[in-house]
Structure formats: structure tokens, C-alpha cells
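S.K.:
Numbering (the working numbering), first residue to last: 479 to 820.
#1: Could you have a look at residue 647 and say whether DSSP puts it in helix, strand or coil?
#2: State the Cα-Cα distance for the pair residue 640 and residue 679, rounded to the nearest angstrom.
#3: Which residue marks the beginning of the alpha helix (DSSP H) containing residue 780, and which one marks its end?
#4: For a quick check, are the C-beta atoms of residue 802 and residue 722 less than 8 angstroms apart?
#5: Please report the straight-line C-alpha distance between residue 771 and residue 797, rounded to a whole angstrom.
#6: Extract the residue ranges of the alpha helix (DSSP H) inside the region 690-774, only unbroken runs of 4 or more that lie entirely within it.
#7: Closest to residue 817 by CA distance: which of 782, 716 and 643 is it?
#8: Is residue 779 closer than 8 angstroms to residue 742 when the C-beta atoms are compared?
#9: Provide the residue span of the beta strand (DSSP E) that contains residue 565, from first to last.
#10: Is the distance from the Cβ of residue 630 to the Cβ of residue 615 below 8 angstroms?
#11: Count the C-beta pairs between the region 541-550 and the region 570-585 that are closer than 8 angstroms, then say yes if the count reaches three, no if not.
#12: On the DSSP bridge list, what partners appear for residue 635?
#13: With DSSP run on the structure shown, which of helix, strand or coil describes residue 821?
#14: Roughly how many angstroms lie between the CA atoms of residue 706 and residue 564, to the nearest whole one?
#15: Just mark residue 682 as buried or exposed, buried being the case when its beta carbon has 16 or more other beta carbons within 10 Å.
#16: Please return the same chain residues whose Cβ sits closer than 7 angstroms to the Cβ of residue 740, not counting the five positions on each side in sequence.
#17: Are the beta-carbon atoms belonging to residue 534 and residue 559 less than 8 angstroms from one another?
#18: By a C-beta neighbour count over all protein chains shown, 10 Å radius and 16 as the cutoff for buried, is residue 503 buried or exposed?
#19: What residue from 703, 744 and 754 has the CA that sits closest to residue 814's CA?
#20: Got a sec, what are the start and stop residues for the alpha helix (DSSP H) residue 481 sits in?
The structure is reproduced here in C-alpha cells:
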């Protein structure tokens, strides 16, 4: 039987111990591995490895010795509790062994959990689990995690006091990170908040989130817009080491200062302009923008945009000989000086 995404999420949290087996497949190996870990933990409970209630079999090994799966399914354990036989990286060549094990399965046998990569609709492995009356098949795709999925990961990590603004920040982070990176970030956040009973704040999340080139660029542009000229050089050096180009920095700066201009020039005020922005702005980023709006007038922002446009044109000029990154650095330092003027 095939499970929909919503049905699968509920099943992963509370698997049915009376089922014969489950197939989890998808192109993202990390996403498949995380779901397999979740369902095995929910199915077997703690101590399954130590109590030998979980048998691991590689798909390649099973092709050489198909009988070992049925042996694992029928084996009687020394400890009470649910048992499982886990077949990793299964393929079409494992279908005969899996078919035999599913046909011979009886109540009390170990449940058969199988993972695989991308499987086409005509795959024999998919058809085996989708067509069996007592098994499930779940396909995992690169869909963004749902709010419920983010909440489940937080709860599993012991993070329960998460206000709305922090939840929004984590949901946005889940959209930009892969499932493995997001899970590691939440684990890091739980360690960061260890023995700290206060609510999770956007600042806590920012401290634990991976520092990408985009995040470093945000730090640079905030420094320039807030008059912190002494930070511009070191931040540019860090971003350049990550592979960013002078043109990309200039484009990012123009985008940031255009956004500032739109906020400061809004007739309804900065707070109203920020509230209408999509995607929504919250947490530390909103605080930085509100601080910068107070430092800049529309007229000076127009001057800043002129400086950036001139720099962009020089960077793209065929006759330009000056070091490109040094040109951007000088421009941002000049903008930082403009931001300090009252």
C-alpha cells in the first residue's frame, strides 16, 4: 500500500507493529536515512541494538545470500520486544529475497524495513510493497518540511519553549538547509540551550545556524549600513575566502540599499513597510533594518545607490585595472562613513 506524505508523517511517528514491512525510497539519501532512523526508533524503542532486536543487512550482501533475510525475520531473540530486519540500499536484485520473506511472514516475526534510492513507477521493488496487503511504501521527495515536521524535530531535541518569531526563523532555516544540516543545527541548538530554561530566541538560532556566504554577506552589509567601517575589511576578506566575487558583493549591496530606500521612503512609515515585506522579515534581520532606517535618509540612500552603481560600472568595464575587491571595499567603507553622518 502506498502512503501519502501526510499519512507517512503520522506513520513514521507511530508505526503499526502488526505490519509486515515498510519501504522508504527517495533520491535524497540523508532524507531517507533520517526517516528510517525515526521509524525504527518509534517501532523498536530504546536499546534495540544492544538487545539484538535489530538486524542490519546490506542490499548487496542480500543479493549474494538471499536466505539471510528470512533467517533474520524468523530468528527468535533473547530479549522481549518488537524486532526488525533492516535492508539498506535495496535494489531490483533484492526483490526475490524480499518477496520470499514477505510471503513467509507471520505474526511475531521481525518487521521488514527497507530503504532504497530513486525508484521509477514501474520498479518491481515499489510494486512489491505497494501491492502487498500488509506493507507500506513511502516515496520521499525534495519538498520543504511542514510546520508539523519542524515541530517534531524540535520536540525530539527537547526544545519546547519556542515562541512564534523563533518558530518562523527555524521554518525559514529549514527551507534553506538540507534535512541533515537542519537536524544538526537543531541538535546544536539543543546543546546551546542545555540547562537554560529561557525561551529559544532568534539570536540563539542565529548563533547555531551554519554560517554560509549569504550570512557573511548580511554581516558585511549590516556593518556598512550601520557605520561600522572597521569591520568592512575583515568581513570582505572572509567572504572572498569563501569564493564570493566583487560583482556579487556589489549586486548584494545595491539590493540591500534599495530595500532600505523603499522602507525609508514609504509614506506609511518603516514599521508598516517592514510588515508588508515578502518573505516576512523578523528577528535579528528586522532589528538591523530598523536600526539602519534611523541612520539613513532617502536623500543619502540615493547618494549611496549612486556610489554603488558607479562601482558596479567600473567593475564591469573592460579597461578596469584596479583590484576589484579593493574597489568594493573602498565603496562600502565610504558608505559606512556616510551612515555615521547625522
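Think of the CB as a built atom: it goes at the ideal place given N, C-alpha and C, for glycine as much as any other residue. It should be emphasised that the depicted structure is a prediction, and the values quoted were computed from it without experimental measurement.
M.R.: Concretely, from the data shown:
#1: Residue mapping note: residue 647 aligns to position 169 of the chain shown, counting from 1. Helix at residue 647.
#2: Residue 640 sits at position 162 when you count from the first residue of the chain shown. Residue 679 sits at position 201 when you count from the first residue of the chain shown. Their Cα atoms are separated by approximately 8 angstroms.
#3: One-based indexing of the chain shown puts residue 780 at position 302. 776-793 is the extent of the alpha helix (DSSP H) around residue 780.
#4: Walking along the chain shown from the start, residue 802 turns up at place 324. Walking along the chain shown from the start, residue 722 turns up at place 244. At least 8 angstroms separates the beta-carbon of residue 802 from that of residue 722.
#5: The residue given as residue 771 occupies position 293 in the chain shown. The residue given as residue 797 occupies position 319 in the chain shown. Distance between the alpha carbons of residue 771 and residue 797: 37 angstroms.
#6: Within the region 690-774, the complete alpha helix (DSSP H) runs of at least 4 residues are 691-703, 707-719, 724-742, 748-753 and 761-773.
#7: Here residue 817 refers to the residue found at position 339 when the chain shown is read from its first residue. The candidate whose alpha carbon is nearest that of residue 817 is 782.
#8: Here residue 742 refers to the residue found at position 264 of the chain shown. Here residue 779 refers to the residue found at position 301 of the chain shown. Cβ distance < 8 angstroms, so residue 742 and residue 779 count as in contact.
#9: In the chain shown, the residue the question calls residue 565 occupies position 87. Taken as a continuous stretch (DSSP letters only), the beta strand (DSSP E) holding residue 565 covers 562-566.
#10: The residue labelled residue 630 in the question sits at position 152 within the chain shown. The residue labelled residue 615 in the question sits at position 137 within the chain shown. No.
#11: Segments in contact, yes.
#12: Position 157 of the chain shown, counted from the first residue, corresponds to residue 635. Beta-bridge partners of residue 635 (DSSP): none assigned.
#13: No statement about residue 821 is possible, as the shown extent of the chain runs from 479 to 820 and does not include it.
#14: In the chain shown, counting from the first residue as 1, residue 706 sits at position 228. In the chain shown, counting from the first residue as 1, residue 564 sits at position 86. Between the alpha carbons of residue 706 and residue 564 lies a distance of about 56 angstroms.
#15: Within the chain shown, residue 682 is the residue found at index 204, counting from 1. Taking all protein chains in view, the Cβ of residue 682 is crowded by 16 or more other Cβ atoms within 10 Å, so the residue is classified as buried.
#16: Numbered from 1 along the chain shown, position 262 holds the residue referred to as residue 740. Answer for residue 740: 751, listed in chain order.
#17: Within the chain shown, numbered from 1, the residue matching residue 534 stands at position 56. Within the chain shown, numbered from 1, the residue matching residue 559 stands at position 81. Between residue 534 and residue 559, the C-beta gap is not smaller than 8 angstroms, which leaves the two residues out of contact.
#18: Mapped onto the chain shown, residue 503 falls at position 25. By the 10 Å Cβ count, residue 503 comes out buried.
#19: Taking the first residue of the chain shown as position 1, residue 814 is located at position 336. Residue 703 is the option with its Cα nearest to residue 814.
#20: Taking the first residue of the chain shown as position 1, residue 481 is located at position 3. Neither: residue 481 is in no alpha helix (DSSP H) and is coded neither H nor E.
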